[in-house]
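Counting in numbering that gives the first Met the number 0, the sequence shown runs from 0 upward without gaps. We put the CB at the ideal spot given by N, CA and C, even for glycine. Quick caveat, the model's predicted, so the values are computed rather than measured. Notes follow once the structure below has been shown.
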Amino acid sequence: MNWMIFKRMLSSGGKNFIRGGAVSVATVLIMTVTLAIIGSLIFLSALLSYTLGSIKEKVNVSVYFVTTAREVDILAVKDQLLKLPQVESVAYTSADDALVVFREKHANDQLTLQALDEIGSNPLDASLEVRAKDPSEYESIVRFLEASPALSSSGTSIVDRINYAQNKEVIDRLSLAIKATQEIGFAIVILFAIASILIAFATIRLAIYTAKDEIAVMRLVGASNPYIQGPFIVTGIITGVLAAILVLLLLWPATWYAGMKTTIWFGGFNVASYYLNNFTFISSIILFSGFALGAVASIFAIRRYLKI
0 MNWMIFKRML SSGGKNFIRG GAVSVATVLI MTVTLAIIGS LIFLSALLSY
50 TLGSIKEKVN VSVYFVTTAR EVDILAVKDQ LLKLPQVESV AYTSADDALV
100 VFREKHANDQ LTLQALDEIG SNPLDASLEV RAKDPSEYES IVRFLEASPA
150 LSSSGTSIVD RINYAQNKEV IDRLSLAIKA TQEIGFAIVI LFAIASILIA
200 FATIRLAIYT AKDEIAVMRL VGASNPYIQG PFIVTGIITG VLAAILVLLL
250 LWPATWYAGM KTTIWFGGFN VASYYLNNFT FISSIILFSG FALGAVASIF
300 AIRRYLKI
């Protein structure tokens, strides 16, 4: 294909788009909605992944010991845990330290403090707070503790409970929510993509009908298939690319407005910063999606209505 033919395809494709008038505008708007949903899913996926990562970073395994456990035995367990390659740190909190923290936390709750005083003895357990080098390693640490229970000199277990199960449940639920959101979002994108293709299909059909006399002349003089079909494919691509550019432009004020709110609500995630830092990635996906939607709609319409 030489340069003259390519220029003619671009020029004719643009004219076809302009001739479409309101139909072309409607197609761009529908594609804009579809591409905006794709963009929203990118941001939503990043936000949920950030939230999940933040929760995982805060998760730890707390091992609580029976009140009769000796400090020397608890420290022996700490030494065992520190030898594990998965463990980053282990912090020991004695029963007395736990009581001090509890009193400070409930300093304004006189009823709770009064109940604590009435007990007389310290009801809180000593504990070890274990942090893993990677959140995925917590299960193996818990399995180690469960398979090799800490024993006192008398041979009885000194571990009272391990609290990881509740933390794991929160992570699993959030992971399921992320998966469900992605699946629902994908289904919505498919529905709008089909709608966009059908409307773009109608636009190309109108362009073919409008240019029927010109097409008939080109057939008579022996014009090649690409020469005849090319402008209509260009029309579809123009529609998709314009919709993509419109979405990228609209995302700037939208993310700027939402940026401060997401920072406050989600503990530091700023959608405006994310958009700026990942603009190449996001714009590539949206532009390619617009290009693909327009091209696919054009090819379908050409095969259906342009018999060559």
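Relative to the C-alpha of residue i, which residue among the options is closest?
{"i": "L40", "options": "A94, I281 and K57", "result": "I281"}
{"i": "G38", "options": "A296, A294, V295 and F287", "result": "F287"}
{"i": "I284", "options": "V246, A271, T262 and N269", "result": "V246"}
{"i": "S139", "options": "V60, Y256, V99 and R7", "result": "V60"}
{"i": "I328", "options": "I29, E168 and P122", "result": "Given a span of 0 to 307 for the chain in the structure shown, any question on residue 328 remains unanswerable."}
{"i": "G289", "options": "V22, I214, A90 and I36", "result": "I36"}
{"i": "S23", "options": "F268, F200 and V270", "result": "F200"}
{"i": "N269", "options": "T26, L46 and V32", "result": "L46"}
{"i": "Y137", "options": "A291, K57, E103 and R102", "result": "K57"}
{"i": "L74", "options": "L83, E87 and T92", "result": "T92"}
{"i": "R302", "options": "A271, I232 and G258", "result": "I232"}
{"i": "F299", "options": "F5, I198, S135 and F143", "result": "I198"}
{"i": "V32", "options": "I193, F16 and G258", "result": "I193"}
{"i": "L34", "options": "L144, L249 and A106", "result": "L249"}
{"i": "S10", "options": "T234, D72, A257 and R69", "result": "T234"}
Which class does residue i belong to by DSSP, given the choice of helix, strand or coil?
{"i": "A131", "result": "strand"}
{"i": "V216", "result": "helix"}
{"i": "A90", "result": "strand"}
{"i": "V270", "result": "helix"}
{"i": "S223", "result": "coil"}
{"i": "I161", "result": "strand"}
{"i": "S156", "result": "strand"}
{"i": "F278", "result": "helix"}
{"i": "G38", "result": "helix"}
{"i": "A25", "result": "helix"}
{"i": "Q181", "result": "helix"}
{"i": "T66", "result": "coil"}
{"i": "D72", "result": "helix"}
{"i": "P84", "result": "coil"}
{"i": "G20", "result": "coil"}
{"i": "N121", "result": "coil"}
{"i": "F101", "result": "helix"}
{"i": "A294", "result": "helix"}
{"i": "F265", "result": "coil"}
{"i": "A309", "result": "As shown, the chain starts at 0 and ends at 307. That puts residue 309 outside it, with no answer to give."}
{"i": "A106", "result": "coil"}
{"i": "N15", "result": "helix"}
Can you give me the C-alpha to C-alpha distance between residue i and residue j, rounded to a whole angstrom?
{"i": "T209", "j": "A242", "result": "23 Å"}
{"i": "Q85", "j": "R130", "result": "9 Å"}
{"i": "D95", "j": "L81", "result": "23 Å"}
{"i": "M3", "j": "I203", "result": "23 Å"}
{"i": "L43", "j": "Y274", "result": "12 Å"}
{"i": "A296", "j": "V188", "result": "16 Å"}
{"i": "V99", "j": "V76", "result": "23 Å"}
{"i": "K132", "j": "Q228", "result": "59 Å"}
{"i": "T261", "j": "L175", "result": "22 Å"}
{"i": "E213", "j": "A21", "result": "22 Å"}
{"i": "T50", "j": "A215", "result": "60 Å"}
{"i": "D108", "j": "F101", "result": "11 Å"}
{"i": "G184", "j": "T279", "result": "22 Å"}
{"i": "V89", "j": "D78", "result": "9 Å"}
{"i": "I236", "j": "M217", "result": "22 Å"}
{"i": "T312", "j": "S120", "result": "The structure shown has nothing for residue 312, since the chain only spans 0 to 307."}
{"i": "F16", "j": "V169", "result": "51 Å"}
{"i": "P225", "j": "K14", "result": "17 Å"}
{"i": "A253", "j": "K167", "result": "35 Å"}
{"i": "I157", "j": "Q181", "result": "44 Å"}
{"i": "W264", "j": "K6", "result": "51 Å"}
{"i": "E128", "j": "A106", "result": "24 Å"}
{"i": "K211", "j": "V27", "result": "24 Å"}
Would you list the one or two residues that DSSP bridges to residue i?
{"i": "V60", "result": "V129"}
With 16 other CB atoms within 10 Å as the buried threshold, where does residue i fall?
{"i": "A206", "result": "buried"}
{"i": "T67", "result": "exposed"}
{"i": "F191", "result": "buried"}
{"i": "V62", "result": "buried"}
{"i": "L292", "result": "buried"}
{"i": "Y163", "result": "buried"}
{"i": "P230", "result": "buried"}
{"i": "M52", "result": "Looking at the sequence shown, residue 52 is not Met but Gly. Label assigned to G52: exposed."}
{"i": "S126", "result": "buried"}
{"i": "D124", "result": "buried"}
{"i": "N276", "result": "exposed"}
{"i": "G8", "result": "The amino acid at residue 8 is misidentified as Gly; the sequence shows Met. Classification for M8: buried."}
{"i": "A271", "result": "buried"}
{"i": "F64", "result": "buried"}
{"i": "G239", "result": "buried"}
{"i": "V220", "result": "exposed"}
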